[in-house]
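Asks: Protein chains in written order, with the working numbering: chain A, 93 to 180; chain B, 13 to 491; chain C, 4 to 479.
Heads up, the beta-carbon is just placed ideally off N, CA and C, and yes, glycines get one too.
Once you've had a glance at the structure underneath, I'll fire off some questions.
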Amino acid sequence: MARLARLELADDELDMFTGQLAAVLDHAADVEALDLGDVPPTSHPYPLKNVLRPDVVSATVDTAEVLGAAPKVEDGRFRVPAIVGEAP
Amino acid sequence: MSEWETVIGLEVHAELATETKMFSGAPNKFGSEPNTNVDPVSLGLPGSLPVLNEKAVELAIRLGIALNCDIRPSVFSRKNYFYPDMPKDYQVSQYDEPINIDGFLELPDGTRIGIERAHLEEDTGKSTHVGGDGRITGAQYSLVDYNRAGVPLLEIVSRPDLRSAADARAYVAELRAILVAAEVSDGKMEEGSLRVDANVSVRRSPDDPFGTRCEIKNLNSLRSLGRAIEYEANRQIDLLEAGESVRQETRHWDENDGRTHTMRVKEEADDYRYFPEPDLVPLDPDREWIEQIRAAMPVLPAERRTRLAAAAGVELPHDGVTLVVERGQDEQALAAVNAGGDPARVLVHIEQNLAGDGGADLAPGRLAALVALETGGTLTPTQAKEVLAEMLTSDAAPEEIAAAKGFEAMDTGDLTALVDGIIDGHPDEWAQLAEAHAADDQKKLKKLSGFFTGQVMRQSQGKANGKLVADRIQERLQT
Amino acid sequence: MSSYLSARELAAGVRAGEWSAASSLEEYLGAIDESDGEVHAFNVVTADDARATAAAIDEAVAAGRDPGPLAGVPVALKDNLCTHGVATTCSSLILEGWVPPYDATVVSRLREAGALIVGKTNLDEFAMAGSTENSAFGPTRNPHDTTRVPGGSSGGSAASVAAGFTPLALGSDTGGSIRQPAALCGVVGMKPTYGRVSRYGLVAFASSLDQIGPFARTVDDAALLFEVIAGRDPLDATSIPEPVPAVSEQLDRGVEGLRVGVVGELMGEGIAPDVAARVHEASEALRAAGAKVEDASVPASIFGLSAYYLIAPAEASSNLARFDGVRYGLRVDAPNTNDMMVATRTQGFGAEVKRRIMLGTYALSAGYYDAYYGKAQKVRTLIIRDFAAAYDRFDVLLSPTSPTTAFPLGDKTADPMAMYMNDVCTIPSNLSGDPAISVPYGTGDDGLPVGVQVLAPALGEEVMFRVAATLEASVS
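Right, dumping it as structure tokens:
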């Protein structure tokens, strides 16, 4: 899980988290036990659909301002250390 | 050795021809200075939110109609994975409820290829690798440009219905023609507007279950697509014939060495944790809108081919017709025919002589006038081609250009005398020809009349009209 | 002294030229200067910007122009709202040095309304937790008793209003992060209907639950601020198109004939007796004012906490992926990008954030989605149905806001489950998307403020504010 979330946990942290996560999931067990076969899921509390915007260009942000806030830049681009592996 | 069957399914990513990005008003433009076509949304800045581009939806519906898909209510999901060219470290994509499903595409030869889905998603940014040989492997570091991040894409997934590299090429060519005709995408493979991944597997017999497939990436042209599929199919066949097995993996096509190479093996860690994108609401285009879009659809390549073939009096499938339609010059051809040009000659000229720069801009009326000179005997095909080339850079009438070049039809009397002279100079050949004529030996007839026509052409330095030459030969044979 | 004026009175005086925005601002800045060292409501005070704005407003008034309904009113912003040119930290190390190149929609609306933005307030890192102790910059203290927490996660905003640093503040509420600190600090705090207020520029915690809302000393001021920030925003696809009612104009209409239900499930186990007693008194006050008060039931609300602690971390695990050291904020160097991302996130996020990211990653992972996230989304449907059934019988519902009054600093930091229980009364309306408001209603046995929560159906802000105003009037 930690690897998937790009986090590294020390052993004591891992122990603590495992216990705490277990407690939360234990509490979630009452949800797990519910029979909800016919109940549809809700992802949005307020039902809207087809919210669209016109295809019209709007303001961009200032490139210098954005690059100025970046940890490392080169040639107008964001610089990162070597990338391991192609994108999936 | 047994006959192997190659099974191919294609995933084509097409960048949509919108003014702005999928989820924000930043420009969707190729070739700008790095990180200039960006706003909070395309950079994934904290607090930014996506709002769906209406035009992108319209283009998705257009493609759905063109590919005979079922156009459905759809939902965007987040595909979660960390990668530096992805500003939010998740990609917004339609996952289990795509907008278009279950369609088909008909190749020019009539074969139907199933379309599993054509869904909307956002593009990623672009990395440049520094150090090493410029490839990701061995690079010292990379530079990321987010101009492309958030550009709207349609991912068009075919069913594994393709059976050869040639079919795969025909499929992509036809899909590109449809995308361009429907103005969904500019279809430029060289600018990355159209990107193809191929899933390739092989099996000994069409009755066998599908073999283990490999996904091939980095196919930047129709040529690489064809070569990569052929290479990959042979690689798999070699493995299987050697008693080894094919490993399911993603492979990278290397244009330079003409091989595919292992890129990544499917890992258990590939857990994208898809869930419905909470920042967007469901999309459920109403029927009225879809019908409006359908009514405004431009004529698609298949129908245009039928129309052109009918006008030109040729049978489908016809390479010239396919090519002219693919290049979008069928309207030009039809107009030239309407203006009185001989259909077959119009088609030949557009296919062969108007393929280059400016060819598509030649006014149909002028093309018709040129063809009239040709069919009327004033110009030979070779001369017509030369005049046509000059018409692209000059406004002068074809007659004037022909005159300036000294292209004049031979006097009929001179031509008759020339033909007769050649016949008389080759009595043996003529006797054979007459014999073939009497025996109705078409093959021999054709060969020998070709000999006489060739002689006439050589001696007239190409000025003789082939049709008149043939007429005179006929006349002599009758007497 | 303007710090005793309501925001509405203050703005009215500025607009009428009775006093200057510049001079009243100095009184507030003085209060901050004097006491924020102890309270630590603010991560940053933008005094110079506020002074410049105040001067511009005074000029506008002198020139006969109207600077807007919040003319000259100092407002504090929770530090997870993007402000162009002013650092936005979410009280996290991972956003170190980041200055947004854009304003949140609510910030633009405040500027257009003539408000003075005086600073960014402390919060639990990325708005996760309920005590404002989980901040990379140290805890905020409760102005009523500085040994106690102000609640959270919008503890800095609640404390700013409670301490008289600003008449108004904005917070964000994902599971009670406005209402709970409002209750603990003795101020009014309100979560609008989901989608009423644009989330554009709010650094997301859990997108389907987050709402921005007002803090104020009075219900009327909360209504005023709500009216300024609410309304459809084309930059937020989830913002709702319905027009915003003029809630302020309806505050005096009283509660005669309204049907009020006291939610049984939120009055039982875990609710401190003194808190429950204040809720009963509140219901009696409404009855006395002419409302019909009865017991109500929202059965599925007991599953709210469980569903919330699956949905919110799941969405958070995805929302917080972008903090990867590539484009902004902290970067911890490493030889390759993957290791750099891991090192950056490991060093940049605090324990509570990591805990929730882990929990959310787990809840969304392939083998567990259906059992956890999928199921929680279904529970959400049940809660919405049960609320709908309750609103067939009642116009509004009543409950405690927080099970207890403000607890001592450090009391619950070691036990996440105990901390999570704080939100038991507030979470259901985040899951249902309905509006809710916390109104101060007397004190507990310890002399600390108690808040009563008024819940209303979606888009029911008008009746909710009316009931809140009646409650407020009945306290004193």
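Locate the alpha helix (DSSP H) running through C:L113, then write down its first and last residues.
Replies: Taking the first residue of the third sequence as 1, we reach residue 113 of chain C at position 110. T108 to E115 is the span of the alpha helix (DSSP H), which, as asked, contains C:L113.
Asks: Going by beta-carbon coordinates alone, are C:S160 and B:Y102 separated by less than 7 angstroms?
Replies: Counted from its first residue, the third sequence places residue 160 of chain C at position 157. Counted from its first residue, the second sequence places residue 102 of chain B at position 90. No. Outside cutoff.
Asks: Need the endpoints of the alpha helix (DSSP H) that B:E261 sits in, please.
Replies: For this step, residue 261 of chain B is matched to residue 249 along the second sequence. Unbroken run through B:E261 is the beta strand (DSSP E), E261 to D266; no alpha helix (DSSP H).
Asks: Run through chain B and tell me which residues come within less than 9 angstroms of A:T152, C-beta to C-beta.
Replies: Working through the first sequence from its first residue, we reach residue 152 of chain A at position 60. Neighbours of A:T152 on chain B, chain order: G37, A38, P39, T48, N49, V50, D51 and S54.
Asks: Quick check: what's the CA-CA separation for C:G450 versus C:P146?
Replies: By one-based count along the third sequence, residue 450 of chain C stands at place 447. By one-based count along the third sequence, residue 146 of chain C stands at place 143. Each residue's alpha carbon lies about 13 angstroms from the other.
Asks: How far does the beta strand (DSSP E) with B:M275 in it reach, from first residue to last?
Replies: Taking the first residue of the second sequence as 1, we reach residue 275 of chain B at position 263. Counting along the chain, the beta strand (DSSP E) containing B:M275 begins and ends at R271 to V277.
Asks: Is it true that the CB of C:R348 sits closer than 7 angstroms to the CB of C:M131?
Replies: Counted from its first residue, the third sequence places residue 131 of chain C at position 128. Counted from its first residue, the third sequence places residue 348 of chain C at position 345. Against a cut-off of 7 angstroms, the Cβ pair of C:R348 and C:M131 comes out as no contact.
Asks: Decide if C:S26 is buried, meaning its Cβ has at least 16 other Cβ atoms within 10 Å, or exposed.
Replies: Here residue 26 of chain C refers to the residue found at position 23 of the third sequence. Per the 10 Å Cβ criterion, exposed.
Asks: Check whether chain C comes within 7 angstroms of A:R171, counting only Cβ atoms and requiring the distance to be less than that.
Replies: Looking up residue 171 of chain A in the first sequence gives position 79. It does not; no Cβ of chain C falls within 7 angstroms.
Asks: Run down chain B in chain order and give the residues with a C-beta less than 9 angstroms from the C-beta of A:V148.
Replies: Here the question's residue 148 of chain A lines up with position 56 in the first sequence. Here the neighbours are E31, T32 and G37.
Asks: Is it the case that the Cβ atoms of C:G264 and A:P137 are separated by a distance below 7 angstroms?
Replies: For this step, residue 264 of chain C is matched to residue 261 along the third sequence. For this step, residue 137 of chain A is matched to residue 45 along the first sequence. Not a contact, by the Cβ cut-off of 7 angstroms.
Asks: Taking the beta strand (DSSP E) that A:E178 falls in, what are its first and last residues?
Replies: For the purposes of this step, residue 178 of chain A is identified with residue 86 of the first sequence, where counting begins at 1. Where A:E178 is concerned, there is no enclosing beta strand (DSSP E), given that its DSSP letter is neither H nor E.
Asks: Indicate the three-state DSSP secondary structure (helix, strand or coil) for B:R319 in the structure shown.
Replies: As a first step, residue 319 of chain B must be located in the second sequence, where it is residue number 307. Residue state, collapsed to three classes: helix.
Asks: From the DSSP output, which residues share a beta bridge with B:E23?
Replies: On the second sequence, residue 23 of chain B is found 11 positions in, with the first residue counted as 1. Its beta-bridge partners are B:V169 and B:D209.
Asks: Between which residues of its own chain and C:I274 is the CB-CB distance below 6 angstroms, once the five residues before and five after are set aside?
Replies: Against the third sequence, residue 274 of chain C aligns to sequence position 271. Excluding sequence neighbours, C:I274 sits near P403 and P406.
Asks: Could you tell me the distance, in whole angstroms, from the CA atom of B:S197 to the CA atom of B:V50?
Replies: Working through the second sequence from its first residue, we reach residue 197 of chain B at position 185. Working through the second sequence from its first residue, we reach residue 50 of chain B at position 38. For B:S197 and B:V50, the distance between alpha carbons rounds to 21 angstroms.
Asks: Kindly indicate which three-state DSSP category B:P393 falls into: helix, strand or coil?
Replies: Residue mapping note: residue 393 of chain B aligns to position 381 of the second sequence, counting from 1. Looking at B:P393 - three-state DSSP - the assignment turns out to be helix.
Asks: Quick check: is the beta carbon of A:E100 nearer than 7 angstroms to any beta carbon in chain B?
Replies: For this step, residue 100 of chain A is matched to residue 8 along the first sequence. For A:E100, the answer is no, since every Cβ of chain B falls outside 7 angstroms of its Cβ.
Asks: Check distances from the C-beta atoms of the stretch 117-143 of chain A to those of chain B and list, in chain order, the residues that come in under 7 angstroms.
Replies: Going along the stretch 117-143 of chain A in chain order, one finds S135, H136, L140, K141, N142 and V143 with a Cβ nearer than 7 angstroms to chain B.
Asks: Quick check: C:V466 and C:A285, are their CB atoms within less than 7 angstroms of each other?
Replies: In the third sequence, the residue the question calls residue 466 of chain C occupies position 463. In the third sequence, the residue the question calls residue 285 of chain C occupies position 282. No; because the gap between Cβ atoms is not below 7 angstroms, this pair is not in contact.
Asks: Just checking: is the beta-carbon of C:Y444 within a distance shorter than 7 angstroms of some beta-carbon in chain A?
Replies: Along the third sequence, read from residue 1 onward, the residue named residue 444 of chain C stands at position 441. Answer no: the Cβ-Cβ gap between C:Y444 and chain A never drops below 7 angstroms.
Asks: Using a Cβ-Cβ cut-off of 7 angstroms, state whether A:T110 counts as contacting chain B.
Replies: As a position in the first sequence, residue 110 of chain A is number 18, starting the count at 1. False, the Cβ-Cβ gap to chain B never drops below 7 angstroms.
Asks: Determine the closest residue to C:L98 out of C:C85, C:D106 and C:V109, with distance taken between C-alpha atoms.
Replies: Indexing the third sequence from 1 puts residue 98 of chain C at position 95. Comparing Cα-Cα distances from C:L98 to each of C:C85, C:D106 and C:V109, the minimum goes to C:C85.
Asks: For the alpha helix (DSSP H) containing B:G238, list its first residue and its last residue.
Replies: As a first step, residue 238 of chain B must be located in the second sequence, where it is residue number 226. Here the alpha helix (DSSP H) through B:G238 covers L234 to E253.
Asks: Between the Cα of C:G463 and the Cα atoms of C:Y331, C:A249 and C:G353, which residue gives the shortest distance?
Replies: By one-based count along the third sequence, residue 463 of chain C stands at place 460. With distances taken between Cα atoms, C:G463 lies closest to C:A249.
Asks: Could you check what DSSP says for C:S477 in three-state terms: helix, strand or coil?
Replies: As a first step, residue 477 of chain C is located in the third sequence; it is residue number 474 there, counting from the start. Helix.
Asks: Give a yes or no on whether the minimum CB-CB distance between A:P163 and chain C is below 7 angstroms.
Replies: Within the first sequence, residue 163 of chain A is the residue found at index 71, counting from 1. Closer than 7 angstroms: yes.
Asks: Against chain B, which members of the stretch 329-346 of chain C pass a CB distance test of less than 8 angstroms?
Replies: Here the close residues are V329, R330, Y331, T340, N341 and M344.
Asks: Using a threshold of 7 angstroms, state whether the C-beta atoms of B:L366 and B:L382 are closer than that.
Replies: Working through the second sequence from its first residue, we reach residue 366 of chain B at position 354. Working through the second sequence from its first residue, we reach residue 382 of chain B at position 370. Contact: no.
Asks: Within 7 angstroms (strictly less), CB to CB, does A:E178 reach chain C?
Replies: Indexing the first sequence from 1 puts residue 178 of chain A at position 86. No, its Cβ sits nowhere closer than 7 angstroms to a Cβ of chain C.
Asks: Name the DSSP beta bridge partners of A:Q112, please?
Replies: Locating residue 112 of chain A in the first sequence gives position 20, where the first residue counts as 1. According to DSSP, A:Q112 bridges with nothing at all.
Asks: Would you please verify whether the beta carbon of A:G160 is less than 7 angstroms from any beta carbon of chain B?
Replies: The sequence position of residue 160 of chain A within the first sequence is 68, counting from 1. Closer than 7 angstroms: no.
Asks: Look up B:S139 in the DSSP assignment and say whether it is helix, strand or coil.
Replies: Start at 1 with the first residue of the second sequence, and residue 139 of chain B comes out as number 127. B:S139 falls in the strand class under three-state DSSP.
Asks: Is the separation between the beta-carbon of B:D145 and that of B:V163 shorter than 7 angstroms?
Replies: Translated into positions along the second sequence, residue 145 of chain B becomes position 133. Translated into positions along the second sequence, residue 163 of chain B becomes position 151. Cβ atoms of B:D145 and B:V163: not closer than 7 angstroms.
Asks: Give the residues of chain B in contact with A:A166, contact being defined as C-beta atoms less than 7 angstroms apart.
Replies: Locating residue 166 of chain A in the first sequence gives position 74, counting from the first residue. At residue 166 of chain A the sequence reads Glu, which differs from the Ala that was named. The contacting residues are L155.
Asks: So with Cβ pairs under 7 angstroms, would you call C:M131 a contact of chain A?
Replies: In the third sequence, the residue the question calls residue 131 of chain C occupies position 128. So, not an interface residue.
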